[in-house]
Every structure is written in structure tokens, then in C-alpha cells.
Amino acid sequence: MKTRVTIIAAAAALACNLSEAQVMGTTTNSFTSVGVSANAQVNGTSVGVLANAGLQAVAVGGSANANAPGAVAVGGCINIICVDASTGAIVNQALPVGTSSTAVGAGSMTPADGATAVGANSNASNVNSVALGVGSRTTRDNSVEVGGRQITGVTAGSSGTDAVNVDQLNGGLSSTLNQAKAYADTKASEGVSQAVNQARVYTDVKADDALKSSKAFTDARAGETLKSSNGYTDTAAANMLRLANGHTDAKAAETRSGANVYTDNKTKYFSAKSDGVASQTNGQDSVAVGPGTVANGNGSIAGGLNATANADNTVVFGSSATASADSAAAFGHGSQAFAVNSTAVGPGATAVNANDVAIGYGSNTSAVVATAGTAINGTNYGFAAPSPTSTVSVGTQGAERTITNVAAGQLSGRSTDAVNGSQLSATNTALDVLGRATNHLGAASASNLGGGSRYDASTGTVSAPTYTLNGADYGNVGAALSALGGAVASTNPDGLAPASATARNSVAIGPGSLADRDNSVSLGTVGTERQLVNVAAARLTADSTDAVIGGQLFATNSELGKLGDNVSRSGQSAARNLGGGSTYDPATGTVTAPTYSINGVSYDNVGGAFGAVGNTISATNPKNLAPATASGGNSVAVGPGSIADRDDSISFGSAGSERQLVNVAAGRLTPDSTDAVNGSQLHRTNTALTAVGTGVRNQGVSAADNFGAGSTYDPNTGAISSPNYTLNNVSYTSVGSALGALGAAVAANNSEKLPAATALGRNSAALGPGSVADRDNTVSIGTPGAERQLANVAPGTAPTDATNVGQVASMVENNSRGDRSYTDERVNALDARNQKQMAGVGAMAMAASALVPNARAEGKTSLSAAVGTYGGESAIAAGVNYYISNQLLVNAKLALATAGPAKAGASVGLTWGF
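Residue numbering for the sequence shown follows our numbering, beginning at 22 and increasing consecutively.
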């Protein structure tokens with residue numbers, strides 16, 4: 022009761038200089054609030070700015086909120102939703118608990134009253150039960166469940182309900198010889214115990230009657246004394262509370278005047294046990310809780326063994342935790358916050374720079390690294406927030422952590438949100454779709470161009486076609502079309518109209534001739550044409566108006582026939598080279614328009630198609646290089662000066678003037694893929710190959726190490742040298758030969774078809790079919806129910822050698838003979854000693870019996886002495902009698918004998934009359 026009053030007074034002293042801090046108590050309720058705007062309900066405790074504690078709840082830390090009845094919130098938590106200091110993870114799945122129960126860990130549950138669950142997914146579902154460890158579940162009331170784990174570091178039990186450790190259990194198991202000896206000793210001592218018990222029965226009974234009588238008187242007086250002291254303590258405690266807080270809150274002092282009620286409340290919300298150095302509060306308005314704790318800064322709070330808050334407005338919770346700069350905070354054992362506004366959460370966490378945050382066990386922050394932007398394809402791109410002022414760390418080098426359950430960050434030019442894996446996956450998917458679309462476009466362009474044009478998915482380029490017209494090769498559609506236009510001309514040799522003389526300025530010669538067109542000469546009429554013979558060859562000049570003769574016309578017709586054949590062939594070639602569904606009609610001499618589809622748009626001529634392609638392809642030629650040349654079959658040359666001189670190739674330059682192919686999407690990585698891969702893909706492959714090489718090297722080293730016997734691994738050749746095993750002075754250079762040698766020396770009969778031997782324990786060995794070695798550092802030659810004898814064992818010589826049956830039998834025989842002799846000797850000696858002691862006891866009893874007062878003389882005190890003998894032993898006894906009243910007598914006596922220990926006794930006698 023007094024302890025409770027002291028705690029309340031201490032809390033009051035802590036709160037007296039903090040703005041809006043309260044420590045209140047009434048006849049039935051109490052609460053404690055420490056910190057600006059801290060709030061606590063009935064029997065609740067809140068420590069920290071804006072901390073809120075509900076009914077019988079505890080909230081520690083800025084904005085900690087324990088609003089559920091009996092909840093606990095530490096460090097900005099809500100109820101039992103807290104930061105896991107060892108990993109930095111948010112433990113946000115702890116479920117509601119029963120009355121006076123505690124649940125710690127993600128998914129932990131304590132639905133029963135008075136239960137405790139510690140560890141992720143632990144469940145204490147029974148009343149007053151405890152579940153310790155991840156996944157542990159209780160099954161009975163008033164039980165402790167550790168989930169099938171060993172309990173180590175158990176101190177030897179001393180009470181009947183204490184746990185025993187293995188050492189105690191082993192010590193309690195004695196050999197058969199020791200049990201026989203103990204039985205002999207026990208039987209020998211029973212005679213002494215019986216004689217002594219009989220001798221003291223009378224004295225104990227009488228003493229018990231007297232004590233019962235005096236106990237009532239003593240209890241009554243003790244009760245009066247306690248009542249008196251209790252009242253004084255309560256009053257003093259109340260006065261102390263008034264003195265501590267009267268100058269800050271008169272009403273609070275009036276309420277605290279009834280603080281003596283706390284001494285009658287059996288529930289204790291605070292306790293402390295420590296023999297360490299007292300805490301120190303050197304800063305103004307500072308708070309220090311815990312042995313060796315120091316709060317040096319103004320407005321600082323430090324809690325925990327040897328916690329130190331060295332600067333202003335710092336908060337430190339955890340043993341040996343330190344906050345060294347203004348407004349820094351450290352939570353967890355050994356955590357350290359060295360810089361202004363830095364925060365370290367978790368055991369061993371360290372925040373080094375200003376405004377840094379370190380979360381999780383062993384997490385460390387490092388220097389800030391500014392990243393202003395990057396250059397992609399020659400274009401510089403700036404990043405948002407190029408000048409960071411601090412870092413957040415959730416691990417350290419070599420002990421990094423993943424950050425999971427991250428919401429999708431905003432994607433904008435100024436966004437500083439973290440992106441999660443799904444966002445990056447979506448970007449990769451989009452890039453993959455774009456890459457496939459680009460590949461399809463390139464392949465379609467090459468197919469439609471024809472002329473051996475090909476698309477190179479690795480570079481994203483389309484090789485130049487090769488069109489052959491009249492024996493000449495053309496490397497692009499424009500040149501081919503120009504050549505074709507120069508070879509095709511329109512003529513009309515059959516365009517002469519019948520002669521008619523009816524037209525203006527016309528001439529008709531011969532009967533029936535009709536000249537019906539102006540400025541014409543006719544030699545006949547329709548259906549009655551005439552030949553004009555013997556006509557001289559006309560002048561075939563550009564300005565000649567002479568009529569030509571048949572020979573001249575025949576020669577012209579012959580040449581036109583040849584030209585018609587060439588035109589037909591050219592038309593067919595043009596349609597074929599144009600592609601896009603283009604065809605040639607020899608009857609009309611026309612070539613149908615092709616249909617080119619580029620980016621989903623159709624074009625019916627090469628110009629339009631090249632215009633569309635030209636919008637996405639450009640080339641500069643500042644060095645005035647020669648046009649691209651594709652001389653290889655089905656090859657393409659792209660860019661000035663490019664030469665494609667190999668079949669089925671695409672060239673972007675020439676020897677000594679190579680070009681990079683940039684902005685290439687990642688190609689498909691499948692067994693049948695012909696896509697181009699980009700640098701990042703190859704880099705990842707190289708990285709993987711490096712890792713594979715490292716793994717192969719490590720495997721080689723491990724294999725050599727596992728072979729042992731001098732085997733080594735050569736990383737340059739990948740070879741593992743042969744081991745050299747020596748068995749029975751014979752060397753073997755392979756595992757097979759060594760095992761063969763061992764097999765020749767070890768034989769096992771498995772007629773019952775037992776399974777192979779199994780060694781499950783660490784550093785264990787199992788010998789023989791079906792043998793199981795399931796404990797560490799053991800050798801097994803069988804299994805439960807199928808044990809084997811270990812025969813032909815030589816006698817052991819060292820302390821750790823195995824012994825054979827002959828050795829054990831000989832040892833048992835030798836020990837038995839020695840133990841029997843020892844036992845007989847001890848029993849005989851004990852019997853003689855017991856006889857002597859029994860005689861001494863009898864003599865003392867005789868002497869003591871003579872001390873009973875027979876008559877009372879004047880005065881209250883009398884002395885008496887007596888002697889006695891029994892069984893050859895003598896004793897002397899002396900006693901004193903004191904009469905408290907005529908009815909009440911107190912007696913004390915002492916007896917000494919020649920054998921046995923001294924005896925003393927006391928008695929109280931009461932006399933009354935009828």
C-alpha cells in the first residue's frame with residue numbers, strides 16, 4: 022500500500038512543471054498524464070505529447086493512442102498496432118484482447134481474460150494462459166505453451182511446483198547400489214526418529230494449547246498497531262501530494278487529499294525494481310525514468326536503463342539509447358540519434374545526419390546522395406527533388422530489407438513518390454508491347470518493299486531493296502521508278518483517219534475518196550481504201566512532213582514489237598517490285614496501284630508510303646558520304662556511306678565507319694526469338710553470367726573442399742584435382758575407389774529389406790540398414806524396436822571409450838563386494854551410536870521429568886535441577902519457572918547427557934478451579 026502512494030507522489034513531481042500534465046486520484050479512480058495535451062481516462066496512463074490513454078490503458082510516445090480498454094500503445098501506435106523494432110515492419114495485425122490480457126506481434130490474439138501472447142500469429146485462447154513464440158497456441162487454462170520449443174537457461178527448481186532442468190533430473194537418478202545403501206541407512210535411523218518423536222509428543226501438545234491461547238491476544242494488539250500506522254502513512258502521503266502540487270493546481274491538490282485510498286487498491290499499474298544508479302534530470306522541464314537514465318536537455322524525456330537525452334526536446338526510450346542533438350528521438354535498446362531532428366527506431370538503429378530516419382534492428386543512415394537527373398539518348402532529363410536533405414534507412418550494407426505493401430506512387434514529372442513493383446511491371450509490359458509493334462512495322466515495311474529488303478529487329482532498321490530494270494540494279498524505289506519512266510514511251514502508229522474532202526482545207530484523191538477532215542489528203546473512202554505505191558522514202562526528221570513508205574513503216578513496227586515485249590516485262594517487274602498487291606495488265610499496259618499499310622494507315626502509292634516512313638526515319642550526311650550500297654543478296658544498307666555486301670544482311674555503315682543502333686526495345690528472350698536485344702538485356706545477361714561464373718567457381722571450390730584429401734579447384738581450367746585418400750596405409754585417388762575399399766572392409770546383411778541408414782542429427786552417424794541417428798553428435802546402430810548388439814568391443818581405456826560387458830560385470834562385482842562391506846560396517850557403527858544416543862535420551866527424559874514444580878513458595882520465580890540415568894548413560898537437567906499470575910506459569914529447561922546432543926524445552930501452564 023505504501024509503495025502505491027510513493028509512485029503517485031513521484032508521478033506528481035514529474036508532472037508539476039509540464040504544461041497541461043496531470044496526476045489525478047479520487048476515492049475510486051485514478052489517472053496519470055505526462056506531456057503537452059496528454060490525456061488519460063480512468064486508471065489510464067499517458068506519457069508524451071498528445072498521448073491518449075483510455076480506460077485502464079497505457080500510451081507512451083508522441084501521439085500514441087491507446088483508446089481501447091486495457092490497451093497498450095508505444096511510440097505513435099494505436100492500441101496494440103506498433104512498430105516492430107527488429108525489422109522496421111509495421112505490426113498492424115494484432116487483434117483485440119481480453120480483459121487484463123496482452124498481445125504482442127502481427128496476428129497475435131488473446132481472446133481470453135488474463136492471457137498473454139507474444140510472437141507473430143501466437144494465440145492465448147485460454148484463461149490465464151501464456152503463448153510464447155511465433156505460432157504458439159494454448160490449449161488449457163492456466164498453462165504456458167512454447168510451440169514445441171526447448172526451454173533453455175532454466176535454473177534448478179527448489180519448490181514443489183518449480184520446473185526442473187536436465188541436470189536436476191540426471192542427479193535424481195541414482196544407481197541400484199546407491200539405492201540399497203540409502204535403504205540401509207534409512208532403516209537404521211528409524212529407531213532414533215521413533216524414540217525422539219515419542220519423547221516430544223507430550224511437550225508439543227501442551228505447548229500448542231498454550232500458544233493458541235496467546236495468539237488471539239497478540240493478533241488483536243498487532244491489528245491495532247497496524248491500523249494506527251496505516252492511518253499515519255495515509256495522512257503523510259496525502260500531505261506530500263498537497264505540498265508537491267498545491268502551487269500549480271489547487272483543485273488537483275484538493276482531489277489528491279484523498280490519496281490514502283490508493284493504499285487500499287490492490288491493483289498496481291506501475292512497478293520498478295532496480296539497484297542501479299538513480300536517474301538525473303538536468304534540463305529544464307525534463308523527465309528521466311529508469312536507473313542511470315539522464316535527461317540533460319531542456320524539455321527532454323529519457324526512459325530505460327542508462328538512457329541518455331543530451332539535447333533539447335529529445336525523446337529517448339530504451340536501455341542504453343542516446344539522442345545527442347536537438348529534437349532527435351531514439352527508440353530501442355542501443356539506438357542512437359546523433360543529428361538534429363534525426364530519428365532512430367529499433368535496437369541498434371543509428372541516425373547519423375540531420376533529419377535522417379533509421380528504422381529496424383541495426384539500421385544505419387549514410388550521407389545524402391543527390392541525383393539531379395540522367396541523360397537518355399543524348400537528352401538530359403531532370404528529376405524532381407534533386408537536392409535531398411536527409412535519408413531514410415531500413416537496413417544497413419549487407420543486411421538490407423525489402424519495403425512491402427507500398428501503395429502505387431503518383432507518376433508525374435514532379436512526383437517524388439516511391440513506385441511499387443506493379444508500376445515498374447506495367448512499364449516493362451508497355452515497353453514490351455511497343456517493342457513488338459516496332460518489330461511488326463519493320464517486318465511489314467521490308468515485306469512490302471520487296472527487292473530483298475529485310476527488317477533487322479536487333480537494330481530496328483529495314484535494309485535497302487535491290488530492283489533490277491533492264492540489267493541495271495537500283496537500291497531504292499525512286500531510282501527504279503525514274504529508270505522505268507525513261508524506258509517507256511507512248512506511240513500511235515494506227516491513228517490515221519480516212520481521207521475526206523468535205524473538211525476544211527482537205528484533199529481527196531481518187532474516186533470515192535473522202536477527205537472529211539480539215540487539212541487532210543484522202544486516197545479513198547471507208548471500205549474502199551487505196552494503196553499509195555512507188556512513194557519515195559520520206560525524210561525522217563523532226564520537222565519532216567513527208568509520207569513514209571512501207572519499208573520505213575515495217576522497220577518501225579519491228580522496233581515497236583520489241584519495245585512492247587520489254588514494256589510488258591517491265592510492267593510485270595514493276596508490279597512485282599512494288600508489292601502491296603500491285604498487278605500489271607498487258608492488254609492495257611497499266612500497273613494497278615499497290616496498298617501499303619504503315620502504322621495502321623493505307624497508302625496506294627510509293628511516294629505517300631515513303632512520305633509516311635520519312636516522318637519516322639531521317640538521315641544526315643554532313644561528311645558528304647556516298648549513297649548507301651546494298652550489294653549482297655537480299656541485303657539492306659541504311660544511311661549515307663553504308664555498305665551491305667553480304668547476303669541477307671543489313672548495314673548501317675561500312676568498315677571503319679560503323680554506327681550505333683540506339684533506342685532499341687528489349688527483344689523477346691525465347692528459344693525461337695529472332696528479336697534484337699538491347700544493352701540493358703546484355704548487361705543483365707553479363708551480370709547473370711558473372712554470378713554464374715562466381716557460382717561455378719564457388720561450386721568448384723566447395724566440391725574440392727568436400728572431396729578433401731588435398732583436392733583443389735583451378736578456376737582457369739575448371740578442373741578439380743584428384744583427392745588422395747589413405748585407408749589402411751593404401752592411397753586412393755577417387756571417392757569410388759575409396760568407398761570400394763571401405764565396402765570390402767564393412768559388410769551389412771539386410772535380409773529384412775530395411776531402409777537405408779539415416780543420420781538426421783548434426784555431426785551424427787548411422788551404421789547398418791534401418792539405423793536412425795536423430796540426435797546431434799550421436800552414433801546409432803539401430804532404431805527403437807530394432808536395436809543391435811555391438812559385438813567384439815575391446816575393453817575401454819580412456820574416459821570416453823566404450824566399455825564391454827566384461828568390464829561392466831567386473832566393475833559391478835568389485836563395487837558390490839566393497840559396498841556390502843562398507844554397508845555392514847556403517848550399519849554396525851550406526852547401531853552402536855544409536856543405542857548410546859537412545860540411552861542418553863532416556864537419561865535426559867528422566868532428569869527433565871523431575872523438574873516439574875510440585876509446590877509454590879513465595880515469589881514468582883523458582884529454579885530447579887535434576888539428574889537421571891538410563892541404559893548406562895547419565896544426564897543432568899536444569900529449569901526455571903516464572904508465575905505470570907496465580908493461574909499462568911511459564912517454564913524453560915535444559916538437559917545435557919553423556920551421549921547425544923543437548924536438549925532444551927519450554928512450556929506454559931494454566932491453572933483454574935471448578
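Where a beta carbon is used, it is the ideal one built from N, C-alpha and C, also for glycine.
Here the structure is a predicted model, which means the values were calculated and not measured.
| Is there contact between the segment 608-622 and the segment 424-440, where contact requires at least three CB pairs shorter than 8 Å? | Contact check between the segment 608-622 and the segment 424-440: fewer than three CB pairs, one atom from each, fall below 8 Å, which does not count as touching.
| In the structure shown, what three-state DSSP assignment does Arg435 receive? | Of the three classes helix, strand and coil, the one that applies to Arg435 here is coil, per DSSP.
| request: Can you tell me the Cβ-Cβ gap for Ala899 and Leu910, rounded? I've got them flagged as a contact below 8 Å. | output: Contact between Ala899 and Leu910 does not hold, since the beta-carbon distance rounds to 17 Å and is not under 8 Å.
| query | Do you know whose CA, among Thr747, Val722 and Val361, lies nearest Asn737's CA? | reply | From the listed residues Thr747, Val722 and Val361, the smallest Cα separation to Asn737 is found for Val722.
| said: Quick check on the DSSP output: the beta strand (DSSP E) that includes Ala351 runs from which residue to which? | reply: For Ala351, the enclosing beta strand (DSSP E) has its first and last residue at Ala350 to Phe352.
| query | With burial defined as no fewer than 16 other Cβ atoms inside 10 Å of the residue's Cβ, what is the status of Ala508: buried or exposed? | reply | In this prediction, Ala508 scores a pLDDT of 44, lower than 50, which makes its location untrustworthy; the coordinate-derived value is nonetheless stated afterwards. Within a 10 Å sphere around the beta-carbon of Ala508 sit fewer than 16 other beta-carbons, which makes this residue exposed.
| DSSP three-state call for Asn449: helix, strand or coil? | Asn449 falls in the helix class under three-state DSSP.
| task | Note down, in chain order, each residue of its chain lying with its Cβ closer than 6 Å to the Cβ of Val440, except the 5 sequence neighbours on either side. | result | Only Gly430 meet the Cβ criterion.
| said: Quick check: what's the CA-CA separation for Arg170 versus Asn798? | reply: Computed Cα separation, rounded: 20 Å.
| query | Taking the Cβ atom as the reference point for each residue, do Ala141 and Ala152 lie within a distance shorter than 9 Å? | reply | Their beta carbons are not under 9 Å apart, which means Ala141 does not touch Ala152 by this criterion.
| field | Own chain partners of Asp668 with C-beta closer than 8 Å, once the 5 adjacent residues on each side are dropped | value | Around Asp668: Gly653, Gly654, Asn655 and Ser656.
| How is Thr482 classed by DSSP in three states: helix, strand or coil? | Note: Thr482 maps to strand in three-state DSSP.
| said: Check this for me: beta carbons of Val55 and Val68, under 9 Å apart or not? | reply: Result yes, Cβ atoms of Val55 and Val68 sit closer than 9 Å.
| task | Could you tell me the distance, in whole angstroms, from the CA atom of Ala918 to the CA atom of Gly893? | result | Answer to the nearest angstrom: the Cα atoms are 11 Å apart.
| Three-state secondary structure (DSSP) at Leu470? | Leu470 sits in a helix when the DSSP states are folded into three classes.
| field | beta strand (DSSP E) segment containing Val151, residue limits | value | Run containing Val151: Val151 to Leu153, per the beta strand (DSSP E) assignment.
| task | Would you list the one or two residues that DSSP bridges to Arg680? | result | DSSP, once it has assigned bridges, lists no residue as partnering Arg680.
| request: Return the Cβ separation of Leu781 and Asp795 in integer angstroms, given the expectation that the two are a contact with Cβ distance under 8 Å. | output: In this structure Leu781 touches Asp795 by the C-beta definition: roughly 4 Å separates them, less than 8 Å.
| Short check: CB of Ala332 to CB of Ala346, under 9 Å? | A contact, by the Cβ cut-off of 9 Å.
| query | What residues in its chain sit with their C-beta under 8 Å from that of Ser678, if we drop five residues either side in the sequence? | reply | Contacts found: Leu646 and Gly662.
| query | How about Ala485 and Val622: do their beta carbons lie closer than 9 Å? | reply | The answer is no: Cβ separation not under 9 Å.
| Identity of the residue in Ala576, Pro368, Gly369 and Ser387 nearest Asn376 by Cα | Comparing alpha-carbon positions, the option among Ala576, Pro368, Gly369 and Ser387 lying closest to Asn376 turns out to be Ser387.
| query | Hey, how far is the Cα of Gly463 from the Cα of Gly601? | reply | Distance between Gly463 and Gly601, taken at the CA atoms: about 15 Å.
| query | Thr611: buried (16+ other C-beta within 10 angstroms of its C-beta) or exposed? | reply | Result: exposed.
| request: Could you check the C-alpha separation between Gly46 and Ser356 for me, to the nearest Å? | output: For Gly46, the predicted structure reports a pLDDT of 38, less than 50, and the residue's modelled location is therefore unreliable. A value from the coordinates is still provided. Cα-Cα distance, rounded: 35 Å.
| query | Does the separation of the CB atoms of Leu733 and Tyr746 fall below 9 Å? | reply | For the record, residue 733 in the displayed sequence is Thr; it is not Leu. The answer is no: Cβ separation not under 9 Å.
| message | Can you check which of these residues, Ile671, Ser752 and Asn719, is closest to Gly731 by C-alpha distance? | response | Considering only Ile671, Ser752 and Asn719, the residue with the shortest C-alpha distance to Gly731 is Ser752.
| request: Measure the alpha-carbon distance for Val63 versus Ala74 and round it to whole angstroms. | output: If I take the Cα positions, the gap works out to 9 Å.
| query | Would you call the CB atoms of Asn149 and Arg158 closer than 9 Å? | reply | Annotated as distal: Asn149 and Arg158, with beta-carbon spacing of 9 Å or more.
| query | Between the Cα of Leu470 and the Cα atoms of Gly496, Arg560, Asp134 and Ala478, which residue gives the shortest distance? | reply | Nearest Cα to Leu470 within the set Gly496, Arg560, Asp134 and Ala478: Gly496.
| said: At the level of alpha carbons, what is the spacing between Arg525 and Thr546? | reply: For Arg525 and Thr546, the distance between alpha carbons rounds to 17 Å.
| Name the DSSP bridge partner or partners of Gly394? | Its beta-bridge partners are Gly403.
| With a CB to CB cut of under 6 Å and the five nearest residues on each side skipped, what residues in its chain are close to Gly304? | So the qualifying residues of the chain are Ala316, Asn317, Gly318, Asn319 and Ser321.
| message | Can you tell me whether Asn66 is buried or exposed? The criterion is at least 16 other CB atoms within 10 Å of its CB, across all chains shown. | response | Per the sequence shown, residue 66 should be read as Thr rather than Asn. Counting C-beta atoms within 10 angstroms of its own C-beta, Thr66 has 16 or more neighbours from the protein chains shown and is therefore classed as buried.
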